[in-house]
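Below: one structure, written as structure tokens.
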Amino acid sequence: MKVVAINGSPNMDKGNTALVLGPFLEGMTEAGADVELFYTKKLQIKPCQGEFNCWLKTPGECFQPDDMQMLLPKLAAADVLVLATPVYVDGVTGPMKSLLDRIVPMALPFFELRNGHCRHPARDGTSISKLVLVANCSFWEMDNFDPLLVHMKAVSKNMGAEFAGALLRPHGPVLAVAAGLGMIGVLLVAAQ
């Protein structure tokens, strides 16, 4: 199973998102998955211009020269896409949103009716069958994840992928304190 994971945290491997994502990806690797991890902070991803050249003029390819040219084939070849993000203003981080906007080339410019909703079919060669969300939030209440969950479920539907679930960790600052005290394992054993 090929897994592509995207960490949208600006703190990359030093943040609370990585504290939750790391054990999760380790568990996937131990189970035999081929996991490739990318950080949005290290990627040069320009915002979508909405010209849809990727549908008509250059099918499947965006005209903007940036890291999406490298990332799109990797995403298309993945069986599972793991999106990891801290909650920023009820959603994903800005760079993660730019990345999501730029996956339009993975879809065809046609419409199909899928489960009672109009969607774009996936371009041939796109194999993502599952999307998983890993997220953390500074607030304590679980309902702070609700807007993000709605968004990720919509992204899954648009991709024609199953929303396979979410690993959600509220009160993120506690993770950093626990890590500093060497007690992080107690909090993250379930993530693996």
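By the count of our numbering, the sequence shown reaches residue 1162 at its end, each step adding exactly one. For every residue, glycine included, the Cβ atom is placed at its ideal position computed from N, Cα and C. Owing to the predicted nature of the structure, the values given are computational and were not obtained by experimental measurement.
### Query
Going by other Cβ atoms of all chains shown within 10 Å of its Cβ, with 16 needed for buried, is P1117 buried or exposed?
exposed
#### Entry: Distance between L1069 and S1216 (C-alpha atoms, nearest Å)
The chain is shown only over 971 to 1162; residue 1216 falls outside these bounds and no answer can be derived.
### Task
Work out the CA separation of T999 and V990 for me, nearest whole Å.
15 Å
### Task
Please list, in chain order, all residues of the same chain as Q1034 whose beta carbon is under 6 Å from its beta carbon, the five residues on each side excluded.
K1016
### Query
So, L1103 versus M1122, is the Cβ gap smaller than 8 Å?
yes
### Message
Which residues does DSSP list as the beta-bridge partners of H1087?
### Response
R1084
### Message
Could you compute how far the alpha carbon of S1108 sits from the alpha carbon of P1140?
### Response
6 Å
#### Entry: Buried versus exposed, by CB contacts within 10 Å (16 or more), P993
buried
### Task
Label P945 either buried or exposed according to how many other C-beta atoms from any shown protein chain fall within 10 Å of its C-beta, with 16 as the threshold for buried.
With the chain running from 971 to 1162 in the structure shown, residue 945 is simply not present.
### Task
May I ask you to report which of helix, strand or coil DSSP gives E1006?
strand
### Query
Taking the continuous alpha helix (DSSP H) assigned at G1064, which residues delimit it?
1064-1071
### Query
Taking DSSP as the reference, what is the three-state secondary structure of G1030?
coil
#### Entry: Extent of the continuous alpha helix (DSSP H) to which N1128 belongs
1116-1129
### Task
List the residues that DSSP assigns as beta-bridge partners of T1055.
A1105
### Message
So for A1048, helix, strand or coil by DSSP?
### Response
coil
### Task
Report the residue from V1052, G985, L1078, G1095 whose alpha carbon sits nearest the alpha carbon of K1027.
L1078
### Query
Is the distance from the Cβ of D1049 to the Cβ of I1098 below 8 Å?
yes
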